[in-house]
Amino acid sequence: MPDPLALVPLPQSVIYSHGVWETTDPWAGLSIGISEDLPRTEYTLSISPAGANLSAGSEAALADGRNTFAQIVAGSGGSIPCVSIVDSPKYAWRGMHLDVSRHFFTVQEVETMIDAMALHRLNVLHLHLTDDQGWRVEIKGYPKLTEVGAWRDQSLVGHMGEDEASWTYDGVRHGGFYTQDDLRGLVEYGQKRGVMIVPEVDLPGHMQAVVASYPELGNNPSQQIGVREVWGISDHVLGVSDQVFEFLRDVLTQVADIFPAPFFHIGGDECPRVEWERSTEARARMTEWGYTRVSEIQGRFTQFAYDVLTEKGKRVIGWDEVLETHLPDDMVIMNWRHGNGVKTSTERGFQTVIANNEHLYFDHYQAKSEGEPLAIGGHTSIKDVYTADYSPKKLTEDEQKLVIGMQGQLWTEYIPTLEHLQYMAFPRMCAVAERAWGSPEQSWEEFEERLRGHLPRLDAFGIRYRPLD
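Count along the sequence shown from 1, then add 3; that gives the number in this note's numbering.
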């Protein structure tokens with residue numbers, strides 16, 4: 004028998020009773036309260052013919068309950084089944100990563116994605132604000148970051164093949180940035196919906212937009228370069244001068260002040276060392292610092308960023324490449340390169356967020372059919388997301404406790420519009436929400452049937468998604 008409500012993610016306990024609640028204004032008929040008798044992560048929602056009651060153990064759990072109620076109300080037509088729900092999540096971190104650097108999305112477009120996340124009880128927006136192709140955050144004292152670094156003259160068309168002579172460009176200037184007030188507004192928008200925004204300033208690689216803005220912050224100050232117009236990994240990384248570290252202190256401090264979240268992501272992925280290897284200044288700094296390997300320079304950046312951010316009360320997150328250098332014990336690792344990396348990070352005692360590229364990179368194609376929009380490559384279906392084993396190497400009980408959550412990744416090299424972004428995100432993000440929430444286990448067929456009942460809600464909220472068939 005089909006589930007009358009078809010909620011996604013499925014709550015831990017859903018018990019239906021006879022009768023319906025007939026209402027033209029369900030939100031006015033909902034009573035809400037915090038209960039000290041409930042665990043902090045739990046909410047209870049009961050609907051009877053007389054109305055609805057929501058109780059929760061904390062404000063965060065209350066937001067989860069409201070978002071479940073929003074699903075129930077959407078498309079109900081004023082006739083709502085009577086039901087009792089008792090619910091709490093498996094993971095504290097239930098996230099979506101959004102890259103606004105490769106392609107810029109307006110405040111209103113990001114708000115649309117926050118609404119879609121909240122509807123599915125996803126509670127962390129990991130906002131990738133800086134990269135080679137665009138710097139997106141206003142920093143006081145560094146106007147060129149947004150005057151120069153936020154704009155590229157053109158973008159690569161199609162895939163980035165090995166033959167550079169075959170590359171073509173669109174000839175269209177692309178860019179944009181958020182003022183600090185814009186971002187504070189986004190933070191408030193997310194908070195009202197139970198979504199915490201965690202910023203990422205990727206360092207010390209993925210910094211070509213910075214070097215284009217201020218060549219003195221790179222390794223070849225006399226060389227003027229532009230903001231990167233192609234994808235891939237740039238060799239242009241931060242230099243090692245005192246000026247560079249003062250720049251980073253300013254950036255990290257200002258961004259930390261914008262976002263009240265207790266977490267701050269510093270990237271740390273895909274950092275080439277070729278410029279450091281050729282730099283006499285880098286070699287001199289290595290001697291000064293007592294280093295023998297060029298790879299240790301990245302560790303210096305990680306430690307510096309960690310010191311600045313912990314002074315601001317932040318937990319520091321890095322992509323899993325940071326494991327290749329010495330790390331402070333309370334760093335958080337975001338596992339992206341392989342599912343087995345979850346074992347690697349938790350075995351070393353680090354809290355970990357699952358974000359592996361095999362199943363959680365939504366810039367991959369969703370099907371092998373020719374009708375799919377352009378994607379970076381790969382193939383990750385919604386069934387893959389729902390049925391995946393996210394830790395192929397089994398974890399001990401203590402290691403499992405270090406996994407604090409999971410998130411889907413939306414890298415936007417090949418995603419230039421909101422419509423395309425939503426198409427790539429949904430319905431795969433529904434499966435992430437289900438797995439991150441820790442819903443009662445069902446077969447793929449059972450989940451697919453419930454998802455079909457849920458998709459009209461996406462229609463009601465104006466979310467464009469890939470059809471299941």
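Ideal Cβ positions, reconstructed from N, Cα and C, are used throughout, including at glycine.
For the options 336, 269, 326 and 20, the alpha carbon positioned closest to that of residue 310 is the one of 269. By the neighbour-count criterion, in which 16 or more other beta carbons inside 10 Å mark a residue as buried, residue 145 falls on the buried side.
For the pair residue 211 and residue 240, the Cα-to-Cα distance works out to about 7 Å. A direct Cα-Cα distance of roughly 43 Å separates residue 462 from residue 352. Under the DSSP definition of a beta bridge, residue 101 partners with 130 and 413.
In this structure, residue 209 keeps its C-beta atom at 8 Å or more from the C-beta atom of residue 323.
Shortest Cα-Cα distance from residue 300 to any of 321, 316 and 325 involves 325. Excluding five sequence positions before and after residue 390, the CB atoms of its chain that fall closer than 7 Å to its own CB belong to 447, given in chain order. When DSSP states are grouped into helix, strand and coil, residue 200 belongs to the strand group. Rounded to the nearest angstrom, the gap between the Cα atoms of residue 232 and residue 160 is 10 Å.
A Cβ-Cβ separation of about 5 Å places residue 55 in contact with residue 33 under the 8 Å criterion. In this structure, the CA atom of residue 126 is about 45 Å from the CA atom of residue 287. For a cut-off of 8 Å, the C-beta gap from residue 147 to residue 441 is around 46 Å, too long to register as a contact.
The beta carbons of residue 338 and residue 358 sit closer together than 8 Å. Taken in chain order, the complete beta strand (DSSP E) segments of 3 residues or longer contained in the segment 293–338 are 318–322 and 335–338. In the three-state scheme derived from DSSP, where H, G and I count as helix and E and B as strand, residue 23 is classed as strand.
With a contact defined as Cβ atoms closer than 8 Å, residue 119 and residue 466 qualify at about 5 Å. Excluding sequence positions up to five before and after residue 95, its CB lies within less than 7 Å of the CB of 407 and 408, all in the same chain and listed in chain order. Looking at the DSSP output, residue 36 shares a beta bridge with 58. Between residue 398 and residue 364, the alpha-carbon positions lie close to 23 Å from each other.
Between residue 100 and residue 413, the C-beta gap is smaller than 8 Å, which places the two residues in contact.
Checking the DSSP bridge columns, you'll see residue 267 partnered with 319.
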